[in-house]
Amino acid sequence: MKRNMETSDSISPRPAALEARHLSLSWDGTHKIVQDVNLRVEVGETVCMVGRSGCGKTTILHALAGLSTPMSGEVFVGGKVATGVPGQISYMFQKDLLLPNKRVLDNVCLPLLVCGASKQEAYKKARPLLGRFGLSGTEEMWPSQLSGGMRQRAAFLRTYLMGAEVMLLDEPFSALDAITRRDLRQWFSNMCTELNIASLMVTHDVDEAVAMAHRIYVLGGSPAGIVGEVEVLPHSEKESGDFELTENFVSTKRKVLDLLN
């Protein structure tokens, strides 16, 4: 069999899982809220976006998800143009939005049912994932019977079942108590690595961003733009559980705070 003798220089690099190029956004088509934003999220990477309240973080997520059309600029998913096209990216909102009149299994299956799968097909795909997402034994429970952490796990599974390689998250841990939040953050980071998910998460919590992200984009100005990008230690160096007590954590946090100020 003849071997492929292509050199590494001749192989095209894999496109980013998600990319925004020169994105400018407005609510009314006239007044810019966000100006000239460029960002990338690679396959298997967790990226956080931080900025002051009202600076346009959620507006950017809406545009990346195809829920709004930018004034200018383009969005690419897996190297393909996805500007203004919904359904290319999984999007988890700040609230879990579980339907109170549907049991857990039916809640997590909603994306599959909306896309035309039968209930039997949806159950077959979702059931094997319940254990991986820490939801074993909850299939027939109502959302009101779940703890806050378990509700978020159900929301994560529902978002994952949308089928996209890219996940957008808007303050997903903000409603949880500190201990649950820390445990769930670690769980989510592990799941993203295991499932090779590219995730972009908006958070107001700088500590959370430094603890979870591979990279952090900092938004500022008016109209808002990216004022800096901060690299964070590889996740393998955070696995001890004491990363938040280290000098590296404090140094990285200081870089982010300096940009915010």
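Each residue of the sequence shown is one higher than the one before, starting from 242 at the first, in my numbering. Glycine included, each C-beta is placed from N, C-alpha and C at the ideal position.
What does DSSP give as the partner residue(s) for residue i in the beta ladder?
| i | result |
| --- | --- |
| threonine 287 | Ser440 |
| phenylalanine 317 | Glu260, Val322 |
| isoleucine 420 | Isoleucine 420 pairs with nothing; no bridge assigned. |
| serine 265 | Ser313 |
| alanine 367 | In the DSSP output, where bridge partners are listed per residue, alanine 367 has none listed. |
| glycine 466 | Gly461 |
What are the start and end residues of the beta strand (DSSP E) that includes residue i?
| i | result |
| --- | --- |
| lysine 273 | 273-282 |
| aspartate 503 | The chain is shown from 242 up to 502; residue 503 falls before or after that span and cannot be answered. |
| leucine 460 | 456-461 |
| serine 331 | 331-333 |
Closest to residue i by CA distance: which of the options is it?
| i | options | result |
| --- | --- | --- |
| lysine 321 | Met312, Glu260, Leu353 | Glu260 |
| asparagine 279 | Pro341, Ala358, Ser313, Glu286 | Ser313 |
| threonine 493 | Gly466, Gly461, Glu449 | Glu449 |
| glycine 328 | Glu315, Asp347, Pro341, His303 | His303 |
| arginine 281 | Phe490, Val275, His263, Tyr364 | His263 |
| threonine 299 | Leu340, Tyr401, Ala465 | Ala465 |
| arginine 399 | Phe414, Leu346, Gly307 | Leu346 |
| valine 473 | Glu488, Gly462, Val451, Val326 | Val451 |
| glutamine 427 | Gly375, Val316, Ser309 | Gly375 |
| lysine 343 | Glu381, Gly389, Ala323 | Glu381 |
| cysteine 433 | Phe397, Ala367, Asp446, Leu266 | Phe397 |
| asparagine 431 | Gly462, Arg394, Leu460 | Arg394 |
| glycine 404 | Leu353, Glu362, Leu340, Gly469 | Leu353 |
| methionine 391 | Gln361, Lys365, Asn348 | Asn348 |
| serine 377 | Pro369, Val284, Ala454 | Pro369 |
| alanine 257 | Ile301, Ala323, Thr310 | Ala323 |
| lysine 365 | Arg373, Cys350, Gly325, Ile467 | Cys350 |
| glutamate 406 | Phe317, Leu339, Ser309 | Phe317 |
| leucine 339 | Ser309, Ser385, Ile301 | Ser385 |
| arginine 193 | Trp268, Glu485, Glu362, Trp383 | Given that the chain is displayed from residue 242 to residue 502, the structure contains no residue 193 and the question cannot be resolved. |
Which two residues bound the contiguous alpha helix (DSSP H) that contains residue i?
| i | result |
| --- | --- |
| isoleucine 301 | 298-305 |
| methionine 391 | 389-401 |
| valine 473 | First-last for valine 473: undefined, no H or E at that position. |
| methionine 453 | 447-453 |
| arginine 293 | Where arginine 293 is concerned, there is no enclosing alpha helix (DSSP H), given that its DSSP letter is neither H nor E. |
| isoleucine 351 | A small correction: the amino acid at residue 351 is leucine; isoleucine does not occupy that position in the sequence shown. Counting along the chain, the alpha helix (DSSP H) containing leucine 351 begins and ends at 351-355. |
| asparagine 489 | 488-501 |
Margin query: Can you confirm whether the segment 481-501 touches the segment 286-295 when touching is taken to mean that 3 or more C-beta pairs between the two stretches lie within less than 8 angstroms?
Written below: yes
Next item on the list: Examine the Cβ distances between the segment 333-345 and the segment 410-426 and report whether three or more of them are shorter than 8 angstroms.
Entry: Touching, yes.
Next item on the list: Examine the Cβ distances between the segment 265-273 and the segment 430-445 and report whether three or more of them are shorter than 8 angstroms.
Entry: Not touching, per the Cβ criterion.
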